[in-house]
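Below is one structure, written out as C-alpha cells, with a few remarks after it.
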Amino acid sequence: MSNPRPDGITPSQTVGPYFKYGLTPNGEYEWNDAFTSNLLTGDVSGERIRVEGKVYDGDGAVIPDCMLEIWQADSQGRFSDPQDARALPNSSFKGFGRCGTDKSGGYAFDTIKPGVVPDADGKPQAPHIALAVFARGMLLHLYTRIYFDDEAGNAADSVLALVPADRRATLIAKRKVDAGGVYTLDVHLQGDNETVFFDV
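Residue numbers (the numbering used here): 804 to 1003.
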C-alpha cells in the first residue's frame, strides 16, 4: 500500500467501464442509483425540460459507458448549497443529476430550465447547466457548460464570451421544434467537433 500524499490530495483515476456497475446501475443491478437523471421534484417550479444527446470519442464513435453529471440552479437562479443563502422556494430540488450513456452513446436529463445567476463580479450569467464528463481512458474528468439557443442572455454571458465565436455552438443546446421542451446537445471528447472544455 502506498503512503498518502502529505498534502492530503488523492489522485483522480479512471474507472473505465465500471461506472455502470458502481454509479449508474440504471435498473440493471440489484440496487438503486444514488442519483438519477431525473431532477424533477414535487415542489419544483419553472419550465420542465429535457436535455439529451450522444457522447462521441475522437474517431466519431459513440461511447456506451460514459458517465455525465450536471449541477444547476433552480428556475429562480438559486443553488441548493449552503453558500447560496437566499431562500429556496424549490426546497426539494437539489440541482444535481447523474446519467450513464446507453449502448448508442445516448444520455438524457429531465430537469427545469435554470434561471439567471450572478458571476463572481455580480453580473448576470445566461441560464446554463454545468456538466462533468467521465470516460474510460481519461485520468481527469472534463468540465463544460450547457447553454440554450433560445436565451438572449447568451450574448452577454462572461464565460461564453471567453470561447471563440466559431466554437460556441459546441456549448449551446438546440430546442427541438414541437417537442415539448426538449433540447439536444452532443458531446465530442476530441476531433474536429470537439466540445469546449474548461480548466477549473
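Glycine included, each C-beta is placed from N, C-alpha and C at the ideal position. These numbers come from a predicted model, not from an experiment.
Could you give the DSSP three-state label for residue i: helix, strand or coil?
i: T844; result: coil
i: F896; result: coil
i: V1003; result: coil
i: E997; result: coil
i: L871; result: strand
Spell out the partners DSSP gives residue i in its beta bridges.
i: A864; result: Beta-bridge pairing links A864 to no other residue.
i: V990; result: V858
Over what stretch of residues does the beta strand (DSSP E) that includes residue i continue unbroken?
i: T914; result: G909 to I915
i: R851; result: R851 to Y859
i: C902; result: F899 to G903
i: V985; result: V985 to T987
Of all the options the options, which has the alpha carbon lying nearest to the alpha carbon of residue i?
i: E866; options: A938, L942, G983 and A976; result: The sequence as given places Ile at residue 866; Glu does not occur at that position. With distances taken between Cα atoms, I866 lies closest to A938.
i: G856; options: P921, T904, M941 and R971; result: T904
i: M986; options: N841, R853 and S961; result: Residue 986 is actually Tyr in this sequence, not Met. Measuring from the Cα of Y986, the nearest candidate turns out to be R853.
i: D868; options: F838, V980, S878 and G909; result: G909
i: Y950; options: T839, G925, T998 and D862; result: T998
i: Q993; options: M941, V980, A976 and R978; result: M941
i: L965; options: D995, G984 and D1002; result: D1002
Indicate, with yes or no, if the ligand HEM has a heavy atom lying under 8 Å from the CB of residue i.
i: D952; result: The ligand HEM is absent from the structure shown, which contains no ligands of any kind.
Ordered list of alpha helix (DSSP H) runs contained in the region 921 to 980, each at least 4 residues = none
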